[in-house]
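Chains as they are written, first to last, in the working numbering: chain A, 56 to 354; chain B, 125 to 460.
What follows is the structure, encoded as structure tokens:
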């Protein structure tokens with residue numbers, strides 16, 4: 056049987072292309088094409104016709120509408136970015152701390168790990184929605200939930216603020232810490248994957264490094280900052296990026312984009328909103344990535 | 125802990141040395157108490173909502189207004205579970221969801237493993253650029269693609285073939301399983317970019333000699349992959365299958381977009397409170413027009429029980445595989 060004569064190199068190249076071909080087909084038809092289409096949609100007025108849709112080019116009007124005309128979009132966008140900027144350091148700090156804790160040897164470590172990763176399994180926006188709706192049923196309407204939550208928690212918060220203020224911390228820090236305490240459940244439940252990533256990184260630090268440091272007389276504190284921290288720092292970047300993307304996934308902005316498209320049928324405006332959103336995330340990622348990657352230690 | 129070097133230990137007088145050992149021991153003890161307090165505290169924060177739901181699920185109606193009850197109900201009952209299962213139409217719903225999630229998970233695992241292997245071991249023109257594009261798929265928010273994807277599957281027509289052969293405009297695939305199956309099979313589903321990345325990192329770390337040996341023995345590329353590489357990739361496989369299963373099970377984004385009317389647990393749970401409000405008076409024997417409203421506290425109980433029923437399969441699954449889950453992630457290529 057005669058086959059096409061190919062060099063080994065090009066045969067390997069074809070084989071490689073065969074391996075990635077399912078992804079490549081999916082990428083071209085289900086990612087790249089929709090991506091380009093959504094740019095076109097954002098610049099047009101889209102109306103659904105019986106056998107498809109009709110596009111009228113209207114330039115940047117959708118973008119203007121999203122920022123200037125839509126009543127809530129710019130506020131939601133700013134709020135989401137603000138919440139993200141608050142959340143990311145908290146989640147990062149908590150997950151590094153927890154990973155260090157879970158990496159130590161103690162009785163019941165397996166069980167502690169199993170519990171700490173439970174939120175990865177249970178994190179579900181559907182469950183969260185049902186829970187808050189259930190609470191609304193219980194309380195009458197949503198404003199009641201807000202006031203009752205504030206009423207219930209205010210006592211504790213005041214005492215914490217007083218205590219921290221007495222210690223002499225600046226108010227900005229106090230605010231931040233109080234914020235963290237108020238949202239401890241959110242933070243714990245959204246840092247499961249990050250803990251896993253840090254834990255994997257910690258396991259790859261050679262134990263001999265710690266032994267040497269110990270013999271040299273380093274304290275646990277010193278060996279954390281001089282060994283552990285530099286060794287896991289590349290993963291800090293990974294985790295920051297993961298956390299940023301993750302915090303956007305179920306945010307009110309996504310909800311607003313969805314509502315605009317499928318409740319009011321304004322597909323063009325919705326595409327424009329999602330592009331603004333993508334640009335904001337992209338900008339945040341570039342800035343954070345640039346700042347962090349200059350400090351990261353690679354070996 | 126400050127342990128002095130051996131050369132210095134000789135100089136330390138014996139009493140001082142003993143003192144230091146006592147001090148070290150107490151600080152170790154204090155530290156481990158602190159550690160346990162912290163771990164137990166955080167575990168409590170995580171488990172508390174779950175315990176609360178389990179408690180509610182077995183609580184009788186008359187226990188709702190009893191303030192002396194904490195967690196353990198006085199009157200055990202299975203009525204809540206029965207009612208919640210009735211409201212949700214639980215068993216058919218669960219069977220349907222599990223079937224759907226299992227198929228998409230397997231398709232995702234296969235397509236992502238293939239792509240990850242292709243990117244790890246072969247160099248072809250543009251392979252690096254293409255891998256950057258994989259990373260891009262992780263970064264672009266899914267909501268950007270939402271509208272075009274929706275319209276695409278509303279009039280599905282691959283390369284215009286349907287129009288060519290039948291002359292009709294594309295077929296409407298919405299509210300079928302096809303959109304999810306197609307995206308999963310082409311490694312474009314939920315967080316597929318991340319899975320490709322995990323597989324690529326793992327295959328990059330495997331020794332090249334294994335494949336060369338297989339090649340010399342006459343195995344083709346795909347046979348080498350199926351017989352040699354994949355059986356060795358158990359740990360990334362477990363990671364990907366677990367994550368994919370769980371995320372798919374909990375997913376509301378794609379399912380609400382493509383299959384808003386299909387019986388899937390994630391969709392049912394989101395609408396559970398409204399359903400419960402509507403159905404409970406009927407199920408309790410009042411006519412639908414009687415204007416009777418169920419006790420809101422009781423409805424909240426049923427909703428909580430329903431949520432528990434929805435997440436129970438995941439918890440049971442997790443109880444069995446959590447060991448592999450943690451271990452496989454530590455060993456697999458999440459680190460990079």
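Each residue gets a CB set at the ideal place from its N, CA and C atoms; glycine is no exception. Just so you know, these numbers come straight off a predicted model, no measurement behind them.
Inter-residue spacing [alpha-carbon to alpha-carbon] between residue i and residue j
i                      : j                      : result
residue 254 of chain B : residue 71 of chain A  : 12 Å
residue 181 of chain B : residue 320 of chain A : 40 Å
residue 122 of chain A : residue 262 of chain B : 26 Å
residue 157 of chain B : residue 150 of chain B : 10 Å
residue 238 of chain A : residue 148 of chain A : 14 Å
residue 224 of chain A : residue 176 of chain B : 36 Å
residue 443 of chain B : residue 316 of chain A : 40 Å
residue 310 of chain B : residue 337 of chain A : 25 Å
residue 223 of chain B : residue 305 of chain B : 12 Å
residue 216 of chain A : residue 357 of chain B : 51 Å
residue 17 of chain A  : residue 300 of chain A : With chain A represented from 56 up to 354, any question about residue 17 of chain A goes unanswered, as that position is not in the structure.
residue 321 of chain B : residue 220 of chain A : 47 Å
residue 144 of chain B : residue 138 of chain B : 10 Å
residue 334 of chain A : residue 362 of chain B : 35 Å
Beta carbon of residue i nearer than 7 Å to that of residue j
i                      : j                      : result
residue 271 of chain B : residue 326 of chain A : yes
residue 264 of chain A : residue 282 of chain A : yes
residue 129 of chain A : residue 324 of chain A : no
residue 355 of chain A : residue 351 of chain A : Residue 355 of chain A lies beyond the residue range present for chain A, which begins at 56 and ends at 354; the question has no answer from this structure.
residue 85 of chain A  : residue 312 of chain B : yes
residue 297 of chain B : residue 280 of chain B : yes
residue 322 of chain A : residue 90 of chain A  : no
residue 188 of chain B : residue 401 of chain B : no
residue 182 of chain A : residue 169 of chain B : no
residue 398 of chain B : residue 323 of chain B : no
residue 185 of chain A : residue 440 of chain B : no
residue 372 of chain B : residue 228 of chain B : yes
residue 332 of chain B : residue 244 of chain B : no
residue 395 of chain B : residue 379 of chain B : no
residue 257 of chain A : residue 154 of chain A : yes
residue 294 of chain A : residue 252 of chain A : yes
residue 132 of chain A : residue 339 of chain A : no
residue 194 of chain B : residue 433 of chain B : no
residue 217 of chain B : residue 387 of chain B : yes
residue 446 of chain B : residue 178 of chain A : no
residue 221 of chain B : residue 180 of chain A : no
residue 246 of chain A : residue 306 of chain A : no
Which of helix, strand or coil DSSP assigns to residue i
i                      : result
residue 102 of chain A : strand
residue 196 of chain B : coil
residue 257 of chain B : helix
residue 156 of chain A : helix
residue 230 of chain A : helix
residue 109 of chain A : strand
residue 282 of chain B : helix
residue 234 of chain B : helix
residue 188 of chain B : coil
residue 281 of chain A : helix
residue 315 of chain B : coil
residue 318 of chain A : coil
residue 183 of chain B : strand
residue 334 of chain B : helix
residue 339 of chain A : helix
residue 446 of chain B : helix
8 Å CB neighbourhood of residue i in its chain, flanking five on each side removed
i                      : result
residue 343 of chain B : 351, 352
residue 204 of chain B : 180, 181, 182, 183, 425, 426, 429
residue 423 of chain B : 397, 400, 401, 404
residue 348 of chain A : 292
Residue i CB to nearest heavy atom of the ligand MN below 6 Å
i                      : result
residue 131 of chain A : The ligand MN is absent from the structure shown, which contains no ligands of any kind.
Beta-carbon contacts of residue i that lie in its chain and below 6 Å, excluding the five residues immediately before and after
i                      : result
residue 329 of chain A : 312
residue 302 of chain A : 139, 142
residue 91 of chain B  : With chain B covering only 125 through 460, there is no way to say anything about residue 91 of chain B.
residue 235 of chain A : 145
residue 231 of chain B : 308, 309
residue 258 of chain B : 317, 320
residue 207 of chain A : Reliability of the predicted coordinates at residue 207 of chain A is poor, the pLDDT of 42 falling under 50, and the value obtained from them is presented with this limitation in mind. If we look at residue 207 of chain A and ignore the five residues flanking it on each side, it has no Cβ neighbours.
Same chain, Cβ closer than 7 Å to residue i, five either side skipped, listed in chain order
i                      : result
residue 385 of chain B : 299
residue 382 of chain B : 277, 298, 303, 304
residue 99 of chain A  : 110, 111, 112, 113, 323
Unbroken stretches of the alpha helix (DSSP H), 4 residues or longer, contained in the stretch 351–437 of chain B: Correct list: 358–374, 377–382, 389–394, 396–407.
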